[in-house]
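Heads up, the thing below is written out as structure tokens.
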Ligand SMILES: Cc1cc2nc3c(=O)[nH]c(=O)nc-3n(C[C@H](O)[C@H](O)[C@H](O)COP(=O)(O)OP(=O)(O)OC[C@H]3O[C@@H](n4cnc5c(N)ncnc54)[C@H](O)[C@@H]3O)c2cc1C
Ligand code: SF4
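This is the structure we're talking about:
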């Protein structure tokens, strides 16, 4: 019975929230996907190599120690929404689709109080405290992630990466485009959190260049990762063309 219920839920996600199922299928491997949880995926840490190398300074791992990526290898790192303290990206594919779908995170605190947090408010900007990644408080548990009623439209998740599987996004685009040309886009691989701006969504009918201009007006790439800007523009153009075909 449980299995049947889950299958029906799977089918509903594939039918009504296809951008989410496509993002999930673009992540990790079958084995990892079958074990990973929704909350764990939202809360996975950055893949910045210096975060894991305890011989290197890293403000996210050890606040105030510095950021080795700023003068180091930064090909994978963020190009927008960065700070002088941290240029890490958030690695989740699922979170990018959840963001374009306006997902809400539901939590319970140790005192039993409950909260509903829009995904955009859930993740913090790096600022001067990149070790604080979300607005969760100590002991607060995610108990559900909910999606608004289906919005229809064409759903696309395009992930560009160094190899076809088992790799994190250099740039990804989640898009839900309506028949009248309006829609929403969120990008992965470019910022500390899924990157979506209302001002960029408003430009979707004008085309990819206008959307790109709005999304990346404040971009601050490094010499090693400035290629991500061109990649993001081309991926946006490709996705919007496909959505309108
Ligand atoms: C080789 C490899 C490749 C990968 N490739 C991708 C990829 O391409 N795309 C992608 O998106 N991901 C990728 N991943 C990441 C993978 O999807 C995550 O490791 C996985 O989603 C984490 O889920 P989990 O349930 O195991 O979380 P855990 O590792 O168990 O938890 C992560 C964090 O969340 C906390 N947590 C878990 N549940 C809750 C809760 N309910 N409330 C509060 N806190 C909670 C845990 O305490 C922990 O701090 C990859 C991982 C590996 C190892
Ligand atoms: S980019 Fe962020 S995670 Fe990486 S070394 Fe710098 S502070 Fe640490």
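Residue numbers (the working numbering): -18 to 226. Yeah, the Cβ is synthetic: ideal placement off N, Cα and C, and Gly gets one too.
The beta carbon of residue 114 is closer than 7 Å to those of 104 and 105 in its chain, skipping five residues each way along the sequence. Contact annotation, residue 167 with residue 77: C-beta distance approximately 5 Å; criterion of less than 8 Å satisfied. At a cut-off of 4 residues, the continuous stretches assigned as alpha helix (DSSP H) that sit fully inside the segment 61 to 128 are 75 to 81 and 100 to 103. Sixteen is the threshold: when 16 or more other Cβ atoms of the shown chains lie within 10 Å of the Cβ of residue 206, as they do, the residue is buried. Pairing residue 189 with residue 214 gives a Cβ-Cβ distance under 8 Å. With a threshold of 16 other beta carbon atoms within 10 Å, residue -11 falls short and is exposed. Within 10 angstroms of the beta-carbon of residue 147 lie fewer than 16 other beta-carbons, which makes it exposed. Collapsing the DSSP output to three states places residue 0 in a helix. Boundaries of the alpha helix (DSSP H) harbouring residue 33: 30 to 33, taken from the DSSP string. In the structure shown, residue 27 adopts coil according to DSSP, grouped into three states. Taking a cut-off of 8 Å on C-beta distances, the segment 167 to 181 touches the segment 65 to 74, as three or more cross pairs fall below it. In this structure, residue 85 keeps its C-beta atom at 8 Å or more from the C-beta atom of residue 35. Closer than 7 Å to some heavy atom of ligand 1: that does not describe the Cβ of residue 208. Going by DSSP, residue 225 is part of the alpha helix (DSSP H) stretching over 208 to 225.
The C-beta separation of residue 176 from residue 151 comes to about 14 Å, leaving the pair out of contact by the 8 Å criterion. Closest by C-alpha distance to residue 192, out of 174, 154 and 226, is 154.
About 6 Å separates the Cβ atoms of residue 50 and residue 29, confirming a contact at the 8 Å cut-off. Under DSSP, residue 36 shares a beta bridge with no residue. Around the beta-carbon of residue 220, 16 or more other beta-carbon atoms lie within 10 Å, marking it buried. Taking residue 180 as reference, the option from 13, 174 and 164 with the minimal CA-CA separation is 164.
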